[in-house]
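Numbering (the numbering used here), first residue to last: 24 to 222. Ideal Cβ positions, reconstructed from N, Cα and C, are used throughout, including at glycine. Remember, predicted model here, so these are calculated numbers, not experimental data.
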């Protein structure tokens with residue numbers, strides 16, 4: 024039996040159990056629009072957090088932690104409405120073996136260049152099939168300060184250019200992974216190298 028555990032905090036913590044859920048957005052946008060912190064763990068059927076959502080979704084969410092979702096393919100599938108995840112500051116994804124990319128853009132809606140305008144910390148751990156974070160290298164990442172990547176062997180490119188992620192202060196990763204990365208612009212590697220803590 025599938026058991027879904029979602030904990031979120033507004034002024035208190037709640038625990039919701041649900042069976043056979045494939046997308047968290049199936050709960051509906053209005054029922055989740057005040058959530059500020061969310062942990063999703065051990066849900067065997069979830070394929071995406073959001074799937075083809077009409078209107079802003081999780082507009083007040085500040086922290087999202089995703090762990091051990093064996094069927095998860097992407098955080099977001101389909102067009103992203105303006106205002107979605109606008110306040111997200113921390114995103115950590117861990118031990119999701121089927122995840123291929125964080126954001127799958129389809130249709131004409133796509134992602135705005137200023138998507139995730141307040142994201143400060145991005146942590147990706149033990150995602151063996153992850154191949155990309157997103158399709159666009161022109162994302163601004165205006166608030167990103169820390170990037171941690173561990174055990175993501177198939178992630179061979181980063182979605183940055185020389186003008187993005189101007190507040191980045193720390194990149195934590197394995198030396199072997201960093202050495203294997205592919206770069207379209209060597210200048211980007213030089214910029215990021217100065218922030219690296221490689222082990």
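query: Best match in 106, 60, 53, 193 for proximity to residue 86 [C-alpha to C-alpha]; result: 60
query: Proximity of residue 107 and residue 80 at Cβ, strictly below 7 Å; result: yes
query: Assigned secondary structure, residue 110 (DSSP; H/G/I helix, E/B strand, else coil); result: coil
query: With 16 other Cβ atoms within 10 Å as the buried cut-off, status of residue 291; result: Residue coverage of the chain in this structure runs from 24 to 222, which leaves residue 291 outside it and unanswerable.
query: Cβ contact (3+ pairs, closer than 8 Å) linking the segment 165 to 185 and the segment 134 to 151; result: yes
query: Residue range of the alpha helix (DSSP H) that includes residue 199; result: 198 to 203
query: Own chain residues within Cβ distance below 6 Å of residue 112, not counting five before or after; result: 85, 141, 143
query: Check: residue 118 C-beta below 6 Å from any heavy atom of the ligand ZN; result: The ligand content of the structure shown is nil, which means the ligand ZN is not present either.
query: DSSP three-state assignment for residue 50, whether helix, strand or coil; result: helix
query: Three-way DSSP call (helix, strand, coil) for residue 85 in this model; result: coil
query: Pick from 170, 179, 210, 75 that is closest to residue 225, judged by C-alpha positions; result: In the structure displayed, the chain extends from 24 to 222; residue 225 sits before or after that span and is not available.
query: Reduced DSSP category for residue 57 - H, G, I as helix; E, B as strand; rest coil; result: coil
query: Contacting residues, own chain, Cβ-Cβ under 7 Å from residue 55 (five flanking each side not counted); result: 81
query: 8 Å Cβ shell around residue 104 - same chain, five flanking residues per side excluded; result: 76, 77, 78, 79, 80, 132
query: Residue 83 beta carbon less than 7 Å from that of residue 115; result: no
query: Simplified DSSP state of residue 125, which is helix, strand or coil; result: coil
query: Distance, residue 98 Cα to residue 69 Cα; result: 10 Å
query: Among 197, 189, 198, nearest to residue 211 - alpha-carbon criterion; result: 189
query: When 124, 158, 202 are compared against residue 183, the one with the closest alpha-carbon; result: 158
query: Contacting residues, own chain, Cβ-Cβ under 6 Å from residue 155 (five flanking each side not counted); result: 124
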